[in-house]
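For reference, the structure is listed below as structure tokens.
Number of protein chains: 2
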Amino acid sequence: MSAGKPESQKKKKYLTPQRRAILNALESVVTHPSADVIYEMVRKELPIISMGTVYRNLEQMATEGMILRLDGGGQKRYDGNSTPHLHFRCLCCNAMIDLPMNPHDDIQKIVQTLTDFEIKSYEVIFTGLCPECKLTKKKEQTA
Amino acid sequence: MSAGKPESQKKKKYLTPQRRAILNALESVVTHPSADVIYEMVRKELPIISMGTVYRNLEQMATEGMILRLDGGGQKRYDGNSTPHLHFRCLCCNAMIDLPMNPHDDIQKIVQTLTDFEIKSYEVIFTGLCPECKLTKKKEQTA
DNA sequence: ATGAGAATAGTAATCATTCCTAAATTGTAA
DNA sequence: TTACAATTTAGGAATGATTACTATTCTCAT
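Top to bottom, those sequences are chains A and B. Just so you know, we're using numbering that gives the first Met the number 0 here: the first sequence kicks off at 0 and counts up by one. Just so you know, we're using numbering that gives the first Met the number 0 here: the second sequence kicks off at 0 and counts up by one.
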């Protein structure tokens, strides 16, 4: 009748240089790099690391809640900042950018009280043009 | 010096049976099917339609704003209801479900007034357990 | 009807991601 | 330290979703 350990602790994890390097890389940037970008970053430190290792560790860390996995526009992206915040995706340059503000109201609580869904987390993604691309477009039009 | 037509009207579109069938299929369900599911639906009516046609038309219709493209969990999903609404993804059965409520506040306007981003649309995705899966899990635990 | 542009079916190619395996590495306990 | 079992790794093969390509067919304004 024992409850057993929570899923996330079922097996012990070894701390490898690869895993540490991946986490370092992810935490050193404010962008939301995809696996192949992270691979290139880590390769500067560990030249023979393989893509499989990058994917496996990102997946593990996301499952453990250390990082966020963002399902956005084609490739998956990863975010070293795991506290809830708003995202913006630029339709023009395809960047994924943090919005400098908190989720203003507690939407999650509101939705939770109104439905039977058990909400674990939520994500808000705005799409449109980032300030730079907006400028670029304006210049093009008046040219 | 002429401004030209807006991007979305630059080239004329032919209304083909394939396109109509794809839209019909999508509008006949409240789920959010992926391209391969839509392909199977449409194949009942047009047995020789090709995947390429399905993808191309879904992409076009999404660009035109007739349907929504949801970048969620692996495959892309499509939504025949293009008015803004909230989505829920079940971590257990992987379903993507409409939440029966409107975006309560106008988050978009708030964010718009606070930033320089030009927001075209936004998406809110809750993740967790749907009512059925929540029940299933409870039964498993007490068993 | 007809002709120019647009869309199609079918297939090949691409891209991201996962899977596989033998060898190497990690933490632990003597 | 040493030894060991579990875990992780590199590298490459395999998969799966999506896109690209092309010769042919279709659409619709004239």
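Cβ atoms here follow ideal geometry from the backbone N, Cα and C, with glycine treated the same way. For clarity, every value in this text was computed on a predicted model and none was experimentally measured.
Beta-carbon contacts of residue i that lie in its chain and below 7 Å, excluding the five residues immediately before and after
{"i": "R18(A)", "result": "N56"}
{"i": "T52(B)", "result": "Q17"}
{"i": "E44(B)", "result": "A20"}
{"i": "D115(A)", "result": "none"}
{"i": "V41(A)", "result": "A20, I21, A24, I48 and V53"}
{"i": "G79(B)", "result": "L25, E26 and I66"}
{"i": "N93(A)", "result": "G72"}
With 16 other Cβ atoms within 10 Å as the buried cut-off, status of residue i
{"i": "G127(B)", "result": "buried"}
{"i": "I109(B)", "result": "exposed"}
{"i": "L113(A)", "result": "exposed"}
{"i": "Y77(A)", "result": "buried"}
{"i": "M50(A)", "result": "exposed"}
{"i": "P46(A)", "result": "exposed"}
{"i": "V29(B)", "result": "exposed"}
Any chain A beta carbon closer than 7 Å to residue i
{"i": "A122(B)", "result": "It should be noted that the sequence gives Glu, not Ala, for residue 122(B). True, the Cβ-Cβ gap to chain A drops below 7 Å."}
{"i": "M0(B)", "result": "Because the pLDDT of M0(B) is 39, which lies under 50, any placement of that residue in the model is unreliable, and the number read from its coordinates should be weighed accordingly. False, the Cβ-Cβ gap to chain A never drops below 7 Å."}
{"i": "P130(B)", "result": "yes"}
{"i": "D115(B)", "result": "yes"}
Proximal residues of chain B, C-beta to C-beta of residue i below 7 Å
{"i": "I118(A)", "result": "F125 and G127"}
Heavy atom of the ligand GTP within 6 Å of residue i beta-carbon
{"i": "I37(A)", "result": "Judged by which ligands are present, the structure shown has none, so any question about the ligand GTP falls away."}
For residue j and residue i, believed in contact at Cβ under 8 Å, the rounded distance
{"i": "L98(A)", "j": "F87(A)", "result": "5 Å"}
{"i": "F125(B)", "j": "Y121(A)", "result": "4 Å"}
{"i": "M95(B)", "j": "L85(B)", "result": "Not confirmed; about 11 Å, so no contact."}
CB contact below 7 Å: residue i versus chain B
{"i": "G64(A)", "result": "no"}
{"i": "D78(A)", "result": "no"}
{"i": "D35(A)", "result": "no"}
{"i": "G51(A)", "result": "no"}
{"i": "D105(A)", "result": "no"}
{"i": "K138(A)", "result": "no"}
Residue i: contacting residues in chain A (beta-carbon distance under 9 Å)
{"i": "V29(B)", "result": "Within 9 Å Cβ-Cβ: nothing; V29(B) doesn't reach chain A, min ~16 Å."}
{"i": "K133(B)", "result": "D115, F116 and E117"}
{"i": "M100(B)", "result": "I109, V110, L113 and T114"}
8 Å Cβ shell around residue i - same chain, five flanking residues per side excluded
{"i": "I118(A)", "result": "Q107, V110 and Q111"}
{"i": "K136(B)", "result": "C91 and L128"}
Proximal chain A residues relative to residue i, where beta-carbon distance stays under 8 Å
{"i": "L57(B)", "result": "Per Cβ cutoff of 8 Å: no residues; L57(B) is ~15 Å from chain A at best."}
Within chain B, the residues that residue i reaches when beta carbons sit closer than 9 Å
{"i": "L90(A)", "result": "K119"}
Residues near residue i by beta carbon distance below 6 Å, same chain, minus five either side
{"i": "Q74(B)", "result": "S33"}
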